[in-house]
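The structure appears below as structure tokens.
Chains as they are written, first to last, in the working numbering: chain H, 1 to 389; chain W, 1 to 389.
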């Protein structure tokens with residue numbers, strides 16, 4: 001196990017009707033003038049936004065609002081939010097929505113206390129301070145409610161970049177599983193795939209002697225394997241929704257990934273897919289992950305056999321562990337298909353002829369590589385895309 | 001799943017040589033005048049105390065010190081610590097040691113900011129503020145490094161009471177597994193049993209639909225089952241020590257227990273054993289837990305079969321799940337014996353004739369009960385003690 005630090009200071013408020021406590025928690029964490037930041041549509045239609053406003057008003061907390069966050073949140077709205085915060089002397093940002101609203105809120109929070117261009121942070125400048133951010137989560141997926149990460153897309157050149165730091169960890173996050181019951185099955189499944197991907201990206205490591213985090217990773221995956229089919233079958237299953245929602249936080253606040261090298265190459269490989277075809281991140285991951293696993297499996301057959309046995313319930317083939325490893329990947333594919341996810345370019349609507357373009361956009365050049373479990377050259381990535389056809 | 005809140009704001013610093021960063025973290029969390037609080041003996045002999053002092057001095061941080069914490073820490077030393085904090089204008093308490101030193105430090109931290117008698121908190125008064133506490137942990141066991149709990153014994157009448165609250169969560173905890181390599185096998189095994197007990201106390205619940213926390217509990221137990229025998233075999237196995245140390249934190253910061261009713265009766269039943277015979281808490285738990293499980297098993301045979309299959313690797317007896325449940329308890333006993341723990345009154349040196357006294361001291365009276373998984377009357381507890389003979 002490697003040395004590590006772990007810091008997850010977010011106050012989590014979990015369960016039915018908890019959005020009504022938003023005002024109480026804003027107050028507890030020092031907010032007096034709030035920017036409510038959200039997407040639109042369902043948050044308004046469902047009455048959630050009104051309930052949150054009422055919760056603030058009940059505590060005598062003033063607010064302004066900024067809606068319009070889109071999936072793959074854009075820098076334009078971030079600039080608008082920063083300006084609004086300054087004009088209105090906002091001292092707390094409350095995101096109401098999913099990962100996009102939360103990521104956008106984090107960008108505004110950092111930018112509001114910075115004299116330069118907030119994009120500097122997304123080009124690598126460390127974030128030392130930010131306004132406090134709270135969240136009311138509406139989809140189990142990105143894990144942004146418990147992480148210090150934010151991904152923003154700059155309109156100029158459609159650059160998608162991430163920033164992170166302790167200052168971006170939400171001070172509180174309200175998780176009411178009932179709010180996710182209205183999500184369409186496809187979005188639910190995309191979110192579930194994203195959660196599982198966050199675990200895979202930590203699980204496949206070259207770091208030895210990491211039993212505790214292996215087991216914690218497997219705990220999250222086993223939960224997903226049991227609970228996701230239940231919500232696809234019955235969207236109103238509160239209990240299954242609750243297990244998935246907490247699993248989504250645990251998958252990405254890094255508790256299950258500490259002390260080990262992680263490999264986020266597949267996230268990058270997927271980004272080119274969703275950038276080119278505007279498909280959901282989770283759907284892209286469902287296509288990329290089995291292909292990536294098939295390609296890198298030989299790096300550590302035993303680790304792939306381990307997940308096959310422990311998570312997918314395969315019987316260990318002691319004479320030929322590679323068969324077990326492959327069987328695990330097959331089971332993952334079957335699982336993804338069963339919850340309605342695409343697992344190929346064809347099902348996703350992606351085209352073979354675009355592969356060279358996607359590889360080129362990754363910018364690896366002649367000798368560059370990405371990832372750590374098995375460092376991948378441009379040629380490797382091309383083969384992974386082809387395995388996904 | 002029940003509604004819950006979860007708040008674990010401790011900054012964890014994990015790995016080799018991390019005690020040398022103590023000064024940096026005290027500074028980060030606002031300390032300028034520190035009380036170093038510890039037991040004695042090994043902390044001094046090993047040079048750890050000197051390294052911690054040097055780490056503080058390197059950052060220009062002043063300190064006073066108070067050693068002498070004993071297992072089952074006493075109120076007398078807490079009063080002494082409170083007085084010292086006031087006299088020396090201490091603004092930060094750094095515990096160097098195990099659960100006893102940390103619990104004592106927490107009591108001093110709360111008492112130093114309170115005008116009344118600190119014991120009020122251990123009689124039920126809520127703790128609203130405390131000096132910040134940091135820890136340098138030397139044994140994986142109590143989980144106090146990541147919890148808001150503290151247990152203190154009052155000399156008058158030897159009253160053992162617990163207090164808790166968010167204000168008592170350490171602001172940082174330094175966990176260096178190498179510091180635990182010098183522990184005797186017996187103490188290591190006692191600590192491991194305490195860690196496993198913290199999971200059992202959360203696992204056996206009447207709350208339904210808690211797959212994510214079930215799986216996380218099992219993850220910790222599976223890790224212990226693998227790693228503990230390795231450190232008993234080779235005390236210098238850093239990697240196994242590391243997995244156990246992080247498992248010990250995860251077992252008790254309540255991540256694995258949120259959203260479910262918990263049952264701490266067995267902890268109380270054990271306390272009478274360790275109070276009467278001055279045996280280690282972990283050893284007492286090894287005696288009590290299998291007996292408690294045997295007695296309460298019928299409350300939920302399937303849950304006991306589940307842990308037998310998932311943690312102890314038993315094959316499910318579908319025709320007779322009770323057999324599987326019993327087999328799991330047998331495997332636990334075998335495991336405890338294999339790591340050198342007692343599993344009976346006889347092995348512990350406890351006496352059958354003291355049972356009525358221990359039952360009486362629990363103060364349940366005619367109709368009182370303890371625990372929630374299966375509420376236990378005085379007669380039930382007596383039978384549990386007898387099952388442990």
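Yeah, the Cβ is synthetic: ideal placement off N, Cα and C, and Gly gets one too.
Is it the case that the segment 125-132 of chain W contacts the segment 183-198 of chain W, given that we only count it when at least three CB pairs across the two stretches are under 8 Å? no
Under 9 Å by beta carbon: chain H residues contacting residue 204/W: As a working note, residue 204/W is residue 204 in the second chain. In chain order: nothing, as chain H lies at least about 18 Å away.
Which stretch, first to last residue, makes up the alpha helix (DSSP H) that contains residue 379/W? Mapped onto the second chain, residue 379/W falls at position 379. Run containing residue 379/W: 378-387, per the alpha helix (DSSP H) assignment.
How should residue 57/H be labelled, buried or exposed, when 16 other C-beta atoms within 10 angstroms of its C-beta is the threshold for buried? Here residue 57/H is taken as the residue at index 57 of the first chain, counted from 1. Flag for residue 57/H reads exposed.
Taking the alpha helix (DSSP H) that residue 309/H belongs to, which residues open and close that run? Sequence index remark: in the first chain, residue 309/H carries index 309 (1-based). Here the alpha helix (DSSP H) through residue 309/H covers 301-310.
Residue 385/W and residue 358/W - do their beta-carbons sit closer together than 8 Å? Position 358 of the second chain, counting from 1, holds the residue named residue 358/W. Position 385 of the second chain, counting from 1, holds the residue named residue 385/W. Going by C-beta atoms, residue 358/W is nearer than 8 Å to residue 385/W.
Taking all protein chains shown into account, do 16 or more other C-beta atoms lie within 10 angstroms of the C-beta of residue 197/W, making it buried, or fewer, making it exposed? As a first step, residue 197/W is located in the second chain; it is residue number 197 there, counting from the start. Looking at its Cβ environment, which holds 16 or more other Cβ atoms inside 10 Å, residue 197/W is buried.
So residue 388/H and residue 219/W are in contact, right, with Cβ under 8 Å, and what is the actual spacing, rounded? Numbered from 1 along the first chain, position 388 holds the residue referred to as residue 388/H. Numbered from 1 along the second chain, position 219 holds the residue referred to as residue 219/W. With a Cβ gap of about 31 Å, residue 388/H and residue 219/W do not count as contacting.
If we call anything under 8 Å between Cβ atoms a contact, is residue 73/W one with residue 152/W? For the purposes of this step, residue 73/W is taken as the residue at position 73 of the second chain. For the purposes of this step, residue 152/W is taken as the residue at position 152 of the second chain. Closer than 8 Å, so yes.
On the three-state DSSP scale, how would you describe residue 79/W? Within the second chain, the letter at position 79 stands for residue 79/W. Helix, per DSSP.
As a quick exercise: from 315/H, 22/H and 329/H, pick the residue whose alpha carbon is nearest that of residue 200/H. Counting from 1 along the first chain, the entry for residue 200/H is found at position 200. Of the candidates 315/H, 22/H and 329/H, the one whose C-alpha sits nearest the C-alpha of residue 200/H is 329/H.
For a contact meaning CB atoms closer than 9 Å, what does residue 1/W contact in chain H? Within the second chain, the letter at position 1 stands for residue 1/W. Chain H residues near residue 1/W: 14, 15, 177, 238, 239, 242, 243 and 246.
Using 8 Å as the Cβ pair cut-off and three pairs as the minimum, do the segment 100-113 of chain H and the segment 37-45 of chain H touch? yes
By how many angstroms is the C-alpha of residue 287/W removed from the C-alpha of residue 352/W? Position 352 of the second chain, counted from the start, is the residue given in the question as residue 352/W. Position 287 of the second chain, counted from the start, is the residue given in the question as residue 287/W. Approximately 13 Å between the Cα atoms of the pair.
Buried/exposed call for residue 241/W, threshold 16 Cβ in 10 Å: Counting from 1 along the second chain, the entry for residue 241/W is found at position 241. In this structure residue 241/W is buried. Its beta-carbon is surrounded by 16 or more other beta-carbon atoms within 10 angstroms.
Which two residues bound the contiguous alpha helix (DSSP H) that contains residue 281/H? In the first chain, counting from the first residue as 1, residue 281/H sits at position 281. 281-296 is the span of the alpha helix (DSSP H), which, as asked, contains residue 281/H.
Let me see if you follow: with CB-CB separation under 8 Å, is residue 226/W close to chain H or not? Along the second chain, read from residue 1 onward, the residue named residue 226/W stands at position 226. The beta carbon of residue 226/W sits closer than 8 Å to some beta carbon of chain H.
Answer with yes or no whether the minimum CB distance from residue 269/H to chain W is below 8 Å. Walking along the first chain from the start, residue 269/H turns up at place 269. Among the CB atoms of chain W, none fall inside 8 Å of the CB of residue 269/H.
Under 8 Å (Cβ pairs) to chain H, residues found in the segment 76-92 of chain W: Correct list: empty, as no residue qualifies.
Given residue 42/H, which residues of its chain have a CB within under 7 Å of its CB, disregarding the five upstream and five downstream residues? Start at 1 with the first residue of the first chain, and residue 42/H comes out as number 42. Annotation for residue 42/H: 182 place their beta carbon closer than 7 Å to its own, counting only its chain and skipping 5 residues before and after.
Within this structure, are the beta carbons of residue 166/H and residue 7/H separated by less than 8 Å? Here the question's residue 166/H lines up with position 166 in the first chain. Here the question's residue 7/H lines up with position 7 in the first chain. Yes; because the gap between Cβ atoms is below 8 Å, this pair is in contact.
May I ask you to list, following chain order, the residues of the segment 309-333 of chain H that have a beta carbon less than 7 Å from some beta carbon of chain W? So nothing in the stretch comes that close.
Name, please, each residue of chain W whose Cβ falls closer than 7 Å to the Cβ of residue 8/H. Taking the first chain and counting its residues from 1, one reaches residue 8/H at position 8. Result: 8.
With DSSP run on the structure shown, which of helix, strand or coil describes residue 178/W? Position 178 of the second chain holds residue 178/W. Annotated three-state conformation of residue 178/W is helix, per DSSP.
Between which two residues does the alpha helix (DSSP H) harbouring residue 422/W extend? In the structure displayed, chain W extends from 1 to 389; residue 422/W sits before or after that span and is not available.
Is any beta-carbon of chain W found at less than 8 Å from that of residue 218/H? On the first chain, residue 218/H is found 218 positions in, with the first residue counted as 1. Closer than 8 Å to some Cβ of chain W, the Cβ of residue 218/H qualifies, so yes.
Going by beta-carbon coordinates alone, are residue 18/W and residue 3/H separated by less than 8 Å? The residue given as residue 18/W occupies position 18 in the second chain. The residue given as residue 3/H occupies position 3 in the first chain. Going by C-beta atoms, residue 18/W is nearer than 8 Å to residue 3/H.
Can you name, in chain order, every residue of its own chain whose Cβ lies under 8 Å from the Cβ of residue 273/H, other than the five neighbours on each side? On the first chain, position 273 is the one that residue 273/H refers to. If we look at residue 273/H and ignore the five residues flanking it on each side, its Cβ neighbours are 279, 284, 287, 288, 348, 350 and 358.
Contact list for residue 418/W against chain H, beta-carbon separation under 7 Å: Outside the shown range of chain W, which is 1 to 389, sits residue 418/W, and nothing can be said about it.
If you follow the beta strand (DSSP E) that residue 114/H is part of, which residue opens it and which one closes it? Taking the first chain and counting its residues from 1, one reaches residue 114/H at position 114. Looking at the DSSP string, residue 114/H is not in any beta strand (DSSP E), and its letter there is neither H nor E.
How far does the alpha helix (DSSP H) with residue 214/W in it reach, from first residue to last? As a working mapping, residue 214/W is identified with position 214 in the second chain. Residues 211-233.
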